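J.: Going by our numbering, the sequence shown opens with residue 1, and the numbers climb by one from there.
Every residue, glycine too, gets a C-beta built ideally from N, C-alpha and C.
Computed from a predicted structure; not experimentally measured.
Below you'll find the structure I mean.
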Amino acid sequence: MMPHEPTRRGSTAAPGFTLVEMLIALVVAGILAGGVVSLLMRQNSFYGKNDDTIYAEQTVRGTAELMASELRMAAPEDVEMATPDSVQIRFDVLKAVVCGSSGSTVYTYVYDEPTAVNLPSGRGTAVSDPNLASFTYKDDFDGSGSASATALTACTTANGGVVQSADASRFRAIDWSSSGLATPAAGSVLRVYGTLTYSFASSSFTGGTALWRNDQELVAPFDTGAAFRYVKADGTVHGTLTGSDLTDIRSIRVFATAVGSGSNRFDVSRDLSFDIALRNLQS
């Protein structure tokens with residue numbers, strides 16, 4: 001008889017993965033990883049663009065609020081320069097009413113004095129008679145004056161006695177002899193001003209254009225097309241005005257496109273176009 005062989009129930013392979021299974025697993029893992037990376041990149045791009053959009057909108061808002069609040073306070077007679085990239089005005093640092101005078105000394109009460117206007121050195125003075133709406137300007141005369149007890153008496157005395165008390169530093173005596181102006185009558189309004197310039201120029205922080213207030217960079221970036229325009233009383237719009245045409249300006253028009261601050265910042269933009277009406281018309 002033939003010897004009896006044991007029945008094979010099947011062979012079992014060694015535990016682990018075959019090469020084919022490993023390759024399939026790697027391909028699947030690669031696909032999943034690629035999807036995750038792609039999702040992360042899209043999310044990063046979305047958030048980056050969203051940040052740039054917010055930045056551009058804040059740039060637009062900041063420009064409108066910062067610049068308009070100061071320029072609208074000017075009168076046409078206060079405009080000293082009007083070009084496509086710069087507008088320069090006389091900006092008040094002190095306002096006072098004239099109480100009286102004695103010889104070449106004028107006594108005033110200061111009713112408005114900003115604490116931090118951040119203007120370059122150099123002051124001028126404008127005076128308006130109580131019966132007139134216009135001002136006479138003297139650009140090289142500083143009419144700030146200094147605190148004076150005599151000025152306090154001149155401004156607060158009625159029927160021979162001081163009738164009210166106020167901050168003594170607001171009562172000023174001014175040496176008017178070097179002003180080149182006629183001595184103002186009591187009740188005249190006096191303004192002491194500096195020079196305020198807004199301009200679109202190259203940013204020192206970004207690759208674009210910035211809005212500058214004198215030598216201080218305020219808001220950026222804009223594209224290179226940012227500019228000022230000037231609307232005259234007859235409605236015509238001009239890029240540059242000089243001489244007597246400056247007093248005919250009724251509003252300052254601003255054109256600018258704010259862009260994002262990211263590496264692809266020009267993919268996001270917000271247009272800015274608005275008029276700043278000059279409120280203090282003198283005639």
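#1: For Leu19, does the count of other Cβ atoms within 10 angstroms reach 16, so buried, or fall short, so exposed?
#2: Which runs of the beta strand (DSSP E), 3 residues or longer, sit entirely within the stretch 115-199?
#3: Are at least three pairs of beta-carbons, each pair with one atom in the stretch 197-212 and one in the stretch 129-146, less than 8 angstroms apart?
#4: Where does Ser269 sit, in a helix, a strand or coil, going by DSSP?
#5: Could you give the C-beta distance for Cys155 and Tyr109, rounded to a whole number, given that I count them as a contact under 8 angstroms?
#6: Less than 8 angstroms between C-beta atoms, sequence neighbours within five positions excluded: which residues of the same chain meet that for Leu119?
#7: Using a Cβ-Cβ cutoff of less than 6 angstroms, which residues in the same chain neighbour Val192 once the five nearest sequence positions on both sides are dropped?
#8: Can you tell which of Ala256, Trp212, Ala185 and Ile276 has its C-alpha closest to the C-alpha of Tyr230?
#9: Is the beta carbon of Lys232 closer than 9 angstroms to that of Leu241?
#10: Check for me: the beta strand (DSSP E) holding Ala220 runs from which residue to which?
#11: Given that a residue counts as buried once 16 or more other Cβ atoms are within 10 Å of its Cβ, and exposed if not, what is Asp78?
#12: Can Pro76 and Ala227 be called in contact, C-beta distance under 9 angstroms?
#13: What residues in its chain sit with their C-beta under 6 angstroms from that of Val117, if we drop five residues either side in the sequence?
#14: Below 9 angstroms between beta carbons: does that hold for Val98 and Val189?
#15: Whole angstroms are fine: how far does the CA of Ala185 sit from the CA of Ala82?
#16: What three-state label does DSSP hand Leu66 in the structure shown?
#17: On the CB-based measure, 16 or more other CB atoms within 10 Å of its CB, does Phe222 come out buried or exposed?
#18: How many Å lie between Gly239 and Phe255 at the Cα?
#19: From which residue to which residue does the beta strand (DSSP E) around Ser86 run?
#20: Contact defined as beta carbons within less than 8 angstroms: I believe Ile284 pairs with Leu272. What is the distance between those atoms, to the nearest angstrom?
#21: I'd like to check one pair, Ser104 with Thr209: are the Cβ atoms closer than 9 angstroms?
T.: In short:
#1: In the sequence shown, counting from the first residue as 1, residue 19 sits at position 19. So Leu19 counts as exposed.
#2: 124-128, 136-138 and 171-175
#3: Not touching, per the Cβ criterion.
#4: As a working note, residue 269 is residue 269 in the sequence shown. In this structure, Ser269 counts as strand in the three-state DSSP scheme.
#5: Position 155 of the sequence shown, counted from the start, is the residue given in the question as residue 155. Position 109 of the sequence shown, counted from the start, is the residue given in the question as residue 109. With a Cβ gap of about 5 angstroms, Cys155 and Tyr109 count as contacting.
#6: Taking the first residue of the sequence shown as position 1, residue 119 is located at position 119. Here the set comprises Phe91, Val93, Gly194, Thr195, Leu196 and Asn214.
#7: Indexing the sequence shown from 1 puts residue 192 at position 192. Result list for Val192: Val93, Leu94, Arg123, Thr125, Gly143 and Ser144, in chain order.
#8: The residue you call residue 230 lines up with position 230 of the sequence shown. Measuring from the Cα of Tyr230, the nearest candidate turns out to be Ile276.
#9: For the purposes of this step, residue 241 is taken as the residue at position 241 of the sequence shown. For the purposes of this step, residue 232 is taken as the residue at position 232 of the sequence shown. Contact: yes.
#10: Here the question's residue 220 lines up with position 220 in the sequence shown. Looking at the DSSP string, the run of the beta strand (DSSP E) that includes Ala220 is Gln216 to Phe222.
#11: Locating residue 78 in the sequence shown gives position 78, counting from the first residue. Counting the other CB atoms within 10 Å of its CB gives Asp78 a total of 16 or more, which places it among the buried residues.
#12: Stepping through the sequence shown from its first residue, residue 76 is reached at position 76. Stepping through the sequence shown from its first residue, residue 227 is reached at position 227. Going by C-beta atoms, Pro76 is not nearer than 9 angstroms to Ala227.
#13: In the sequence shown, the residue the question calls residue 117 occupies position 117. Excluding positions up to five away in sequence, the list reads Val93.
#14: Your numbering for residue 98 matches position 98 in the sequence shown. Your numbering for residue 189 matches position 189 in the sequence shown. In this structure, Val98 sits near Val189, with a CB-CB distance shorter than 9 angstroms.
#15: To locate residue 82, count along the sequence shown from 1; it is residue 82. To locate residue 185, count along the sequence shown from 1; it is residue 185. In a straight line, the C-alpha of Ala82 is about 33 angstroms away from that of Ala185.
#16: Locating residue 66 in the sequence shown gives position 66, where the first residue counts as 1. Judged by DSSP in its simplified three-state form, Leu66 adopts helix.
#17: As a first step, residue 222 must be located in the sequence shown, where it is residue number 222. By the 10 Å Cβ count, Phe222 comes out buried.
#18: Walking along the sequence shown from the start, residue 239 turns up at place 239. Walking along the sequence shown from the start, residue 255 turns up at place 255. One C-alpha to the other measures close to 11 angstroms.
#19: Counting from 1 along the sequence shown, the entry for residue 86 is found at position 86. First-last of the beta strand (DSSP E) with Ser86: Ser86 to Ser102.
#20: Shown here, the chain extends from 1 to 283; a query on residue 284 therefore has no answer.
#21: By one-based count along the sequence shown, residue 209 stands at place 209. By one-based count along the sequence shown, residue 104 stands at place 104. Taking 9 angstroms as the Cβ cut-off, Thr209 and Ser104 do not qualify as a contacting pair.
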